[in-house]
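Student:
Numbering (my numbering), first residue to last: 23 to 502.
1. Which stretch, first to last residue, makes up the beta strand (DSSP E) that contains residue 180?
2. Taking only three categories from DSSP, how would you classify residue 54?
3. Counting Cβ pairs, one atom from each stretch, are 3 or more of them under 8 Å apart for the region 311-331 and the region 89-101?
4. Just confirm the distance between the C-beta atoms of residue 322 and residue 255, as a whole number of angstroms; I'd bet it's less than 8 Å.
5. Please state whether DSSP places residue 111 in a helix, a strand or coil.
6. In terms of DSSP beta bridges, what is residue 25 paired with?
7. Terminal residues of the continuous beta strand (DSSP E) containing residue 299?
8. Count the other CB atoms, across all protein chains shown, that sit within 10 Å of the CB of residue 337; report buried if there are 16 or more and exposed otherwise.
9. Sort 120, 438, 160 and 383 by Cα distance to residue 78 and report the nearest one.
10. Can you check whether the CB of residue 423 is closer than 8 Å to the CB of residue 481?
11. Taking one C-beta from the region 279-290 and one from the region 240-247 each time, how about it: are there three or more such pairs within less than 8 Å?
12. State the Cα-Cα distance for the pair residue 388 and residue 168, rounded to the nearest angstrom.
13. Cβ atoms of residue 201 and residue 275: under 8 Å apart, would you say?
14. In whole angstroms, what separates the C-alpha of residue 430 from that of residue 390?
15. Quick check on this structure: which residue in 203, 261, 103 and 332 has the alpha carbon closest to the alpha carbon of residue 523?
16. Can you pull the DSSP bridge partners for residue 165?
17. How close, in whole Å, do the beta carbons of residue 177 and residue 206 come, if the pair is a contact with beta carbons under 8 Å?
18. So residue 348 and residue 398 are in contact, right, with Cβ under 8 Å, and what is the actual spacing, rounded?
19. For residue 199, count neighbouring C-beta atoms within 10 Å of its own C-beta (all shown protein chains included) and say buried if the count is 16 or more, exposed if not.
20. Pull up the DSSP beta-bridge partners for residue 252, would you.
21. Where residue 483 and residue 37 are concerned, what is the direct C-alpha to C-alpha distance, given to the nearest angstrom?
22. Spell out a yes or no on whether the region 207-219 and the region 263-270 are touching, meaning 3 or more CB-CB pairs, one atom from each, closer than 8 Å.
23. Leaving out five residues before and five after residue 100 in sequence, what residues of the same chain have Cβ atoms less than 8 Å from its Cβ?
24. If residue 332 sits next to residue 351, beta carbons under 8 Å apart, how far is it from one beta carbon to the other, in whole angstroms?
25. Please classify residue 497 as buried or exposed, where buried requires at least 16 neighbouring CB atoms within 10 angstroms.
26. Cβ of residue 304 within 8 Å of Cβ of residue 252?
27. Within its chain, find whatever has a CB closer than 8 Å to the CB of residue 446; leave out the 5 residues flanking it on each side and keep chain order.
28. Tell me the DSSP secondary structure of residue 143 in three-state form.
29. Using only the alpha-carbon positions, how far apart do residue 315 and residue 393 sit?
30. What number of angstroms, rounded off, separates the C-alpha of residue 151 from the C-alpha of residue 180?
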């Protein structure tokens, strides 16, 4: 989210919200990764306008896994502030909530396997990341304070938790990212300090941890990302320095690591993203420079790499998002010039690529999000314009696409997110309510209900009666 100055997008200014997939896993949403942009505009300000500000926690709290300070107050000039200026100043803050995440636990059943970082500073951390299983071995990225951020592995024992290889020799970091298993081999992206950020593989030994290919020859980086395995083929996006970011594949050998197709001919990038395995076919989103960002598929050959359908006809983009496989069908949200952003599906053919249901009828968007497959059913959140953003499901038919439960009654939203399938149940976080208000304001600056339990853990079996709060962890209206 970034501030939007007053102008054609927002007359009084507001907030620009860019949505996309962090393809290169660097924690920054870069311009080429943006799939969708929306604006939340200010409507002016008065002494009755409720404002919200979001900032980072103070450093002394040691929120090394992230955090936010969310403050609320009226724009009334209290405490020496300026009346109705649209800025929440220190004296105007009426309440604030701090979210602080730390990678610690007092649970006796959780035991540290090994302290990777041996620095005597009590606040030091090895910054464990990208945990990925290959057989009985867990690979991960860590910093021991001596060799920088490198590739590690563990068999669950102290002695079996070791650095695989100091890829960027010495205290410098190779910073491995995008760890993916293909067969019995781990593939990842790393920088050895000489060849830039390139594709690597490892069999768990130092000698078997090697760069697959210097795709962008020399010290420049090809920056592979979106690594996706289908059988014995690894697909990814990379830039060879000549053709821009295009679709590549690898069989684990240098000679077998090749560009599949220069979708956007020349040095411009088609920026393939959201690579998703659907059976033996790779689905993805790309821009060929003519049809905008649309849905594509590939069988690993240039001739078999084609746009499935120009959903938003012409140079405009439909921006397919949240690609989710169910059998040989891929579900996704997409923007249509007539229907807005709605739920779609594709069987890989133009005729079989259709909008499932216009959930929010007309040109407005229901904005389906967090698509999660549970068996043959896809769960997601959507806003039908009447009930707010709630939990929905689909079996791929219009009649089978329904709201499961109006968790926050009326036009308020429960904002289901973190949808996670466990067996035949989907778990998620949501905010309930009785629709009567009177409960203050949530972190989004919206009035909540006095009888709300706050943002808590829920589960659903796909029925209204089976959609229930698991536990009110932080009792009352406060969020857990």
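Even for Gly, the Cβ is constructed at its ideal location relative to N, Cα and C. This structure is a prediction, so every number in the text was calculated from the model and none was measured.
Tutor: With the given structure in hand:
1. Unbroken run through residue 180: none, as it is neither H nor E.
2. helix
3. Look at the beta carbons and you see the region 311-331 not touching the region 89-101: under three pairs across the two are nearer than 8 Å.
4. 6 Å
5. Residue 111: coil per DSSP, three-state reduction.
6. The secondary-structure analysis by DSSP pairs residue 25 across a beta bridge with 37.
7. 295-300
8. exposed
9. 120
10. no
11. no
12. 50 Å
13. no
14. Rounded to whole angstroms, the separation of the alpha carbons of residue 390 and residue 430 is 17 Å.
15. Because the chain spans 23 through 502 in this model, residue 523 falls outside it and cannot be assessed.
16. DSSP links residue 165 through a beta bridge to 171.
17. Not confirmed; about 15 Å, so no contact.
18. 6 Å
19. buried
20. 255
21. Near 36 Å, if we compare the C-alpha coordinates of residue 37 and residue 483.
22. no
23. 113 and 114
24. With 8 Å as the limit, residue 332 and residue 351 do not qualify as a contact, their Cβ atoms being about 20 Å apart.
25. Residue 497 should be labelled exposed.
26. yes
27. 396, 397 and 483
28. Low local confidence applies: a pLDDT of 37 at residue 143 is under 50, so the model's placement there is unreliable, and no value is given.
29. 20 Å
30. 18 Å
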